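Protein chains in written order, with this note's numbering: chain Z, 447 to 787; chain R, 447 to 787.
As structure tokens, this is what we get:
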């Protein structure tokens with residue numbers, strides 16, 4: 447069982463997940479991309495993975511070929527679904543059991559196509575899988591937040607090259623989300639407006655950092671980008687919850703995502719990247735307290751944040767929380783606007 | 447001129463340092479270690495660097511061979527020493543000029559010896575250089591904090607292999623330091639004790655995470671380590687300010703540092719790492735306000751934090767602020783205790 451440990455000085459939680467069993471020798475050799483002769487995410491190898499939780503499957507029984515998108519539990523999960531949290535103190539520290547869910551969304555049966563190469567219709571099927579898993583995991587009241595993310599490329603942490611995204615449900619609101627939610631709440635309480643809506647308005651007027659504007663979405667580089675070619679994809683219409691999007695809205699989002707990923711690939715030649723879906727946490731009426739997040743429909747605004755992994759995070763960044771970015775977001779936006787792809 | 451930009455949603459500052467001039471093609475190829483035939487940090491190449499600010503130099507005129515430790519301004523600084531901050535608003539954002547200092551401490555004239563291979567007497571000379579630069583930079587009242595750090599190895603961000611550390615003076619208290627200072631202040635105000643002293647007492651009693659105890663220092667793995675084999679070096683005697691240490695205290699610290707680096711090298715075969723010196727910010731009587739940090743001698747406790755760069759920071763970590771650590775700090779401490787080096 448992994449543990450969540452609290453650092454009272456850094457004010458953060460860490461997941462100590464030793465089930466993956468690392469010893470010093472595991473770190474001696476630079477890891478190589480796992481290119482098995484037999485990829486567990488390809489057709490015909492469904493029995494090499496845990497049993498599927500969800501599939502977009504026009505034909506065939508579960509755990510057989512014929513699917514378009516397939517969701518499975520992670521074989522080596524950072525958090526486990528069984529058990530209770532058992533939150534407790536330990537000296538100055540806090541600790542709880544590593545309860546959560548860790549799922550893999552296999553985005554295509556085709557081993558050699560990345561998310562950027564899928565058609566908008568195929569990407570829409572991936573987005574429907576995300577939505578279905580969000581809605582299902584919300585039924586488990588132990589989970590306070592769901593993190594949907596994608597690691598693309600070895601340098602971005604992808605140990606299998608077959609295109610996939612991941613969903614981790616955690617028993618508390620993570621620090622990055624907590625800060626964002628608090629800022630949104632404060633802005634709404636003082637101005638009765640969404641801070642993201644204000645920010646999107648400002649950026650559309652300025653235009654300097656806009657990469658591509660669609661009818662209902664905008665792709666842009668953030669003004670205070672931490673990394674070169676960092677990107678945000680915002681829905682222009684206010685909405686706090688990705689999981690409430692309609693099929694039609696997911697279809698439009700798929701077009702914007704394909705455009706964003708295609709431009710990035712064109713300008714930077716298929717760079718490693720991470721993206722993260724930021725959306726509202728589930729409501730928690732079970733706690734018997736007034737639901738703190740009940741007004742999120744007004745003050746939070748879901749979006750996607752993408753970070754290409756072009757530069758190293760070094761001692762200064764780690765020690766300070768400051769980032770040094772050698773590429774101005776305005777230059778990055780200009781390169782991406784002119785991308786051929 | 448670089449800029450410091452404020453993100454109102456993430457609540458952090460970013461240094462946009464485009465003087466280093468990165469274009470998309472700069473990111474296309476994996477960077478290689480710069481092994482010049484002529485290293486600018488070696489004897490005889492003193493004219494290939496900016497003029498020295500400090501040197502431990504038994505013989506010879508400035509900017510010539512004969513030194514043991516040499517401090518120079520960074521040729522490609524993230525922040526520049528000349529100018530005014532000019533803090534201003536921009537839409538929802540804030541921005542100020544990238545004013546600061548960025549110095550390189552060349553730790554040895556020997557191209558092929560790392561910090562772990564230097565003698566305690568040689569490491570003491572490095573520590574004296576750090577102390578001298580801290581004390582000097584405090585005379586510049588634009589600087590609110592100094593970050594002393596070392597990147598060892600290409601994967602840790604070291605672009606030159608010749609052993610060196612870096613000192614960056616910044617015009618505001620960085621987020622990581624601000625959180626730590628705030629927690630220390632709160633603990634002291636409620637308990638009239640230093641939280642680090644409490645933590646060190648607890649760890650010495652437990653012993654599980656102690657790697658090596660010296661008369662006046664302790665090396666240990668943190669309970670909530672974010673990364674495998676993360677380390678802390680604490681002075682056992684309370685002290686808020688590294689720059690106030692005596693020559694004798696620096697000599698003892700050098701012995702503890704050499705031991706820590708030697709064990710790490712022994713167990714993990716010279717891994718890439720970053721370490722950061724955490725110390726109190728300079729006092730700021732100039733602001734004409736009561737000096738907020740005037741009681742730091744009671745509530746802050748300087749120390750060194752070391753992070754081996756063995757695992758990738760992937761989408762989950764970036765998106766949440768949570769870290770998943772596959773090695774328990776207790777296991778890491780056991781391996782390091784038994785290290786042969």
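Just so it is clear, CB atoms sit at the ideal spot from N, CA and C, and this is done for glycine as well. Because the structure is a prediction, the values reported are computed rather than measured.
**Q.** Backbone CA spacing between residue 643 (chain Z) and residue 688 (chain Z) [nearest angstrom]
**A.** 16 angstroms
### Task
Under 8 angstroms by Cβ, that's how I've got residue 555 (chain R) and residue 500 (chain R) pegged, so tell me the actual separation to the nearest angstrom.
That pair is no contact at about 15 angstroms.
Review point. Grouping DSSP H, G and I as helix and E and B as strand, with all else coil, what is residue 694 (chain Z)?
Key: DSSP places residue 694 (chain Z) in helix when its eight states are reduced to three.
| said: For a test of the three-state rule: what should DSSP assign to residue 777 (chain Z), helix, strand or coil? | reply: helix
ask   = What did DSSP end up calling residue 591 (chain Z) once you bin it into helix, strand or coil?
value = DSSP places residue 591 (chain Z) in the strand class (E or B) of the three-state scheme.
Practice prompt. Could you round the C-beta distance between residue 421 (chain Z) and residue 768 (chain R) to whole angstroms and report it? I think they count as a contact, below 8 angstroms.
Written response: In the structure as shown, chain Z begins at 447 and stops at 787. Residue 421 (chain Z) is therefore absent and cannot be evaluated.
- Message: So residue 552 (chain R) contacts chain Z; which residues on that side make the cut at Cβ distance below 8 angstroms?
- Response: Near residue 552 (chain R) there are no residues of chain Z at all, since even the closest Cβ is about 16 angstroms away, more than 8 angstroms.
Self-check item: Listed by chain order, chain R residues near residue 596 (chain Z) by CB distance under 8 angstroms
Solution: Neighbours of residue 596 (chain Z) across chain R, judged by C-beta separation under 8 angstroms: 761.
Quick one: which chain Z residues come within Cβ less than 7 angstroms of residue 593 (chain R)?
762, 765, 766
Checklist entry - From the DSSP output, which residues share a beta bridge with residue 596 (chain R)? => result R:721
Helix or strand or just coil, what does DSSP make of residue 651 (chain Z)?
-> Three-state DSSP puts residue 651 (chain Z) in a helix.
C-beta neighbour in chain R for residue 750 (chain Z), strict 8 angstroms: By this cut-off, residue 750 (chain Z) is not an interface position.
For the stretch 528 to 558 of chain R, which residues have a CB atom closer than 7 angstroms to at least one CB atom of chain Z, in sequence order? 537, 538, 539
- Query: How should residue 457 (chain Z) be labelled, buried or exposed, when 16 other C-beta atoms within 10 angstroms of its C-beta is the threshold for buried?
  - Reply: With fewer than 16 other beta carbons inside 10 angstroms of its own, residue 457 (chain Z) counts as exposed.
Thinking C-beta only, is residue 772 (chain Z) closer than 8 angstroms to residue 464 (chain R)? yes
Can you look up residue 538 (chain R) in the DSSP assignment and give me helix, strand or coil?
Of the three classes helix, strand and coil, the one that applies to residue 538 (chain R) here is coil, per DSSP.
In this structure, what does DSSP give as the bridge partners for residue 754 (chain Z)? As DSSP reads the structure, residue 754 (chain Z) sits in a beta bridge with Z:719.
* Asked: Residue ranges of each beta strand (DSSP E) run of no fewer than 3 residues wholly in the stretch 612 to 638 of chain Z, ordered along the chain?
  -> List check, beta strand (DSSP E) in window: nothing returned.
| field | As assigned by DSSP and simplified to three states, the class of residue 519 (chain Z) | value | strand
Continuous alpha helix (DSSP H) stretch holding residue 569 (chain Z): start and end: 566 to 583
| message | Looking at the ligand SAH, does it come within less than 7 angstroms of residue 462 (chain R), judged from the CB to the closest heavy atom? | response | In terms of ligand content, the structure shown is empty, and the ligand SAH therefore cannot be addressed.
Requested in this report: Assess, as a yes-or-no matter, whether the stretch 714 to 729 of chain R is touched by the stretch 642 to 660 of chain R under the definition of 3 or more beta carbon pairs within less than 8 angstroms.
Outcome: no
- Taking Cβ positions only, does residue 458 (chain R) come closer than 8 angstroms to chain Z? Interface residue, yes.
Run the CB neighbour count on residue 766 (chain Z), radius 10 Å, all protein chains shown included, and call it buried at 16 or more, exposed below.
When all chains shown are included, residue 766 (chain Z) counts as buried.
Check your understanding: When burial is assigned at 16 or more other CB atoms within 10 Å of the CB, is residue 530 (chain R) buried or exposed?
Key -> exposed
Going by DSSP, name the residue or residues bridged to residue 680 (chain Z). Z:664
Fill in: DSSP state of residue 500 (chain Z) mapped onto helix, strand, coil
strand
* To do: State the DSSP-derived secondary structure class of residue 700 (chain Z), mapped to helix, strand or coil.
  => Helix.
### Query
Of all the options R:753, R:780, R:777, R:770, which has the alpha carbon lying nearest to the alpha carbon of residue 548 (chain Z)?
It is R:770 whose Cα lies nearest to the Cα of residue 548 (chain Z).
*Starting from the beta carbon of residue 771 (chain Z), find every residue of chain R whose beta carbon is closer than 8 angstroms, and list them in chain order.*
460, 461, 462, 463
### Query
Does the pairing of the stretch 683 to 703 of chain Z with the stretch 658 to 667 of chain Z give three or more beta-carbon distances under 8 angstroms?
yes
List the residues of chain R whose Cβ lies closer than 9 angstroms to the Cβ of residue 626 (chain Z), in chain order. 455, 456, 457
CB contact check: residue 787 (chain R) to chain Z, cutoff 8 angstroms | no
Could you check what DSSP says for residue 793 (chain R) in three-state terms: helix, strand or coil? Because chain R is modelled from 447 through 787, residue 793 (chain R) falls outside the range shown and cannot be assessed.
- Query: Hey, quick one: how far does the beta strand (DSSP E) through residue 459 (chain Z) stretch, first residue to last?
  - Reply: 458 to 462
Would a check of beta-carbon distances place residue 569 (chain R) closer than 8 angstroms to chain Z?
Chain Z, which has no Cβ nearer than 8 angstroms to the Cβ of residue 569 (chain R), makes this no.
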